[in-house]
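A quick write-up on the structure given underneath.
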Amino acid sequence: MGRGIWFVCSFCMSLFLCICVRKRLFFIFKSGGKIMRYWYKIHRWIGFICLLFFLLLCLTGLPLLFKTEIHDFNLLDKENMHPASDYGQIWREVDAGEKLVKEGYSGKSIRSISVQPDEGRILFRVQDKDSNKPVAARLSMGGEQLAYYPSDHTLQPWHQEKVKYPWLAEFMHEMHRLHMYLGMGKGGMVFLGFMCFLSLVSVVSGCVLYGPFMRRSPFALIGKRSWRERWFGWHKFLGIATAVWAIILCFSGVVIVIFSLSYGLYIQDSKTAVKDYWQSAPAAGKHLSLAEAKTFVMEAFPDDVILSLDLPDRRQSPAAYIFYITPATENPLDFLGQLVFIPDRKGMEPQYFTKPLPDYLFFAGYMLKLHIHNHELLILKILWALLDIALIFVILSGLLGWLRKGEKIERSSVATPSLNRPTASTWKWPGILAGLSLLGLVLPLYGTVGEFAGTIAWLAVALLSIFLWRERNSQGNA
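Per the numbering used here, the sequence shown starts with residue 153, numbered consecutively.
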């Protein structure tokens, strides 16, 4: 049902874009030249402020598109690649992994467990038994982690695989740190989120200006009278061709930051609420084992899968197992878990406590999937890389235009109010490309058929753009 709803919504949104073109519902572009000058200043100055960081996100995102392929290529011991599993099966193997950890690392305590079914991997985050130092960690990130592979019953330190080129592994790690938070922790993440917002404003304002600038020129026409006109022509053409992709990525980047902060608050609120919930409960009975707690959660929440769990810290009261669960779908939200607390003592009532996730976090989770999980196929990664490269060119050509001021372009294309009314033909092809881009972003989230349809949509964007460019410029300048 969910797939059908999102497919229908995507199709309707694409159709709406085309209808807007036909019905000329472009009221925002029908303002006078004075309003357009304000839009021009917004585009020019906001774009300049965020340019360096927008470029950084594009440059660091490019190698990260192929992080899986680069990791597999760089892996020296191919035997470390293990068959995929599923959530139910891999959690049944946790007990065997726990035993190995206790035998091989007797001086360590297990703090949390998370699973990566696609990689056939169970991660145990451990810490020295006499250590009270808090560790900022979540799933596979942070702390000292041991990887257990049920397929061959091996245990090894996580992120210490033997690689062909250590510099390549370090390079990819730095790209990830820069792309996520500038290597500066939460403060860097918030700052990048603000830069994403400014980048979004820059792209949207560019779309607003597109109509007036293209009033007398067909889409994809690249002027040849001067190098300046040629660069500006490519800036407009590639900018509008990549606009929807850039808007979605910038918007989802902002939402990801909000999601990260909001989800952290949800976790804190849940941990505070559980203390009040069990404050009068008697601390009697034997300790609950990991196997017993895991079995209870699986039986109590049969329609969910367990993403990870934190083991009880018995220095705190009440001590409890903390499970992170999410609805069992074909592609579970593996970064968004509802907390379920299981008391460490047998006989405590009620048997568990949970606090539902706020609805807005599911929207944020969907936007994160649009940012990360809709280009799993290699062909989609290549197409995304081409979009990224095109956007890098748009940013650099925009910088060149900013440095050259662009007074002539501003005066000739924006200043006359009577020419600031784009027609339906101005937006015909950009509207079609926008609709195809939206389908290319959304459809790959819905299984193999969706990935195939999304690939076709992106190929159509690329081929149509190339065709229009060749057709317009083979005819010469108007």
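Where is the CB? At the ideal position from N, CA and C, for every residue including glycine.
Fair warning: this is a prediction, and the values are worked out from it, not measured in the lab.
Practice task
Mark His325 as exposed unless 16 or more other C-beta atoms lie within 10 angstroms of its C-beta, in which case mark it buried.
Solution key: Stepping through the sequence shown from its first residue, residue 325 is reached at position 173. Exposed is the call here.
Problem - In DSSP terms, what Val315 is bridged to - result: To locate residue 315, count along the sequence shown from 1; it is residue 163. In the DSSP assignment, Val315 is bridged to Leu227.
Handout entry: Test item: CB-CB of His523 and Trp536 under 8 Å
Key = Here residue 523 refers to the residue found at position 371 when the sequence shown is read from its first residue. Here residue 536 refers to the residue found at position 384 when the sequence shown is read from its first residue. Their beta carbons are not under 8 Å apart, which means His523 does not touch Trp536 by this criterion.
Exercise for the section: Take the Cβ of Leu555 as the centre, count every other Cβ of all protein chains shown within 10 Å, and call the residue buried at 16 or more, exposed below. Expected result: For this step, residue 555 is matched to residue 403 along the sequence shown. The residue in question, Leu555, is exposed, as its Cβ has fewer than 16 Cβ neighbours within 10 Å.
Practice task
Please look up how many angstroms separate the CB atoms of Val613 and Gly592, rounded, as I've assumed it's under 8 Å.
Solution key: Translated into positions along the sequence shown, residue 613 becomes position 461. Translated into positions along the sequence shown, residue 592 becomes position 440. Their Cβ separation, rounded to whole angstroms, is 7 Å, which keeps Val613 and Gly592 in contact under 8 Å.
Practice task
Could you tell me which residues DSSP pairs with Val457 in its beta bridges?
Solution key: Counting from one through the sequence shown, the residue named residue 457 turns up at place 305. Val457 is bridged to Thr478.
Problem - Identity of the residue in Gly256, Ile194 and Gly363 nearest Ser577 by Cα - result: Sequence index remark: in the sequence shown, residue 577 carries index 425 (1-based). Nearest of Gly256, Ile194 and Gly363 to Ser577, Cα basis: Gly363.
Practice task
Determine the contact status of Val315 and Ile274, defining contact as a CB-CB distance below 8 Å.
Solution key: Here residue 315 refers to the residue found at position 163 when the sequence shown is read from its first residue. Here residue 274 refers to the residue found at position 122 when the sequence shown is read from its first residue. At the C-beta level, Val315 and Ile274 stay beyond 8 Å of one another.
Exercise for the section: Identify, in the order they occur along the chain, each residue of the same chain with its Cβ nearer than 7 Å to the Cβ of Lys175, setting aside the five sequence neighbours on each side. Expected result: Locating residue 175 in the sequence shown gives position 23, counting from the first residue. Annotation note: pLDDT 41 at Lys175 (below 50); position unreliable, coordinate value reported separately. Nothing meets the Cβ criterion.
Handout entry: Best match in Tyr190, Val492, Glu451 and Gly199 for proximity to Gly240 [C-alpha to C-alpha]
Key = For the purposes of this step, residue 240 is taken as residue 88 along the sequence shown, with counting starting at 1. The shortest Cα separation from Gly240 among Tyr190, Val492, Glu451 and Gly199 belongs to Glu451.
Problem - Under the three-state DSSP convention, the category Phe218 falls into - result: In the sequence shown, counting from the first residue as 1, residue 218 sits at position 66. Correct three-state label for Phe218: coil.
Handout entry: Nearest residue (CA-CA) to Glu381, options Phe365, Val396, Ala393 and Ile392
Key = Here the question's residue 381 lines up with position 229 in the sequence shown. It is Phe365.
Handout entry: Buried or exposed (CB count within 10 angstroms, at least 16 for buried), Leu169
Key = Numbered from its first residue, the sequence shown carries residue 169 at position 17. Since pLDDT at Leu169 reaches only 43, below the 50 mark, its modelled position is unreliable, and no value is offered.
Exercise for the section: Measure the C-alpha to C-alpha separation of Asp224 and Arg196 and round it to an integer number of angstroms. Expected result: Counting from one through the sequence shown, the residue named residue 224 turns up at place 72. Counting from one through the sequence shown, the residue named residue 196 turns up at place 44. Looking at the two C-alpha atoms, the distance is approximately 42 Å.
Exercise for the section: Take the Cβ of Arg277 as the centre, count every other Cβ of all protein chains shown within 10 Å, and call the residue buried at 16 or more, exposed below. Expected result: If you number the sequence shown from 1, residue 277 lands on position 125. By the 10 Å Cβ count, Arg277 comes out buried.
Handout entry: 8 Å contact criterion, which Ala516 and Val407 should meet: CB distance rounded
Key = Position 364 of the sequence shown, counted from the first residue, corresponds to residue 516. Position 255 of the sequence shown, counted from the first residue, corresponds to residue 407. The pair is a contact, with the Cβ atoms about 5 Å apart (cut-off 8 Å).
Exercise for the section: Please report the residue range of the alpha helix (DSSP H) in which Leu530 lies. Expected result: Sequence index remark: in the sequence shown, residue 530 carries index 378 (1-based). Here the alpha helix (DSSP H) through Leu530 covers Leu530 to Leu555.
Handout entry: The alpha helix (DSSP H) enclosing Glu271, as first and last residue numbers
Key = Counted from its first residue, the sequence shown places residue 271 at position 119. The continuous stretches of alpha helix (DSSP H) do not include Glu271, and DSSP gives it neither H nor E.
Exercise for the section: Compare the C-alpha of Leu350 against each of Ile201, Tyr418, Leu401 and Leu615 and name the closest. Expected result: Counting from one through the sequence shown, the residue named residue 350 turns up at place 198. Ranking Ile201, Tyr418, Leu401 and Leu615 by Cα distance to Leu350 puts Ile201 first.
Handout entry: Among Gly256, Leu227, Gln279 and Gly272, the one whose alpha carbon lies nearest that of Ile262
Key = Within the sequence shown, the letter at position 110 stands for residue 262. In terms of Cα proximity to Ile262, the closest of Gly256, Leu227, Gln279 and Gly272 is Gln279.
Handout entry: Classification of Glu623 by the beta-carbon crowding that lies within 10 angstroms, buried from 16 upward
Key = On the sequence shown, residue 623 is found 471 positions in, with the first residue counted as 1. A residue is called buried when at least 16 other Cβ atoms come within 10 angstroms of its Cβ; Glu623 does not meet this threshold and is exposed.
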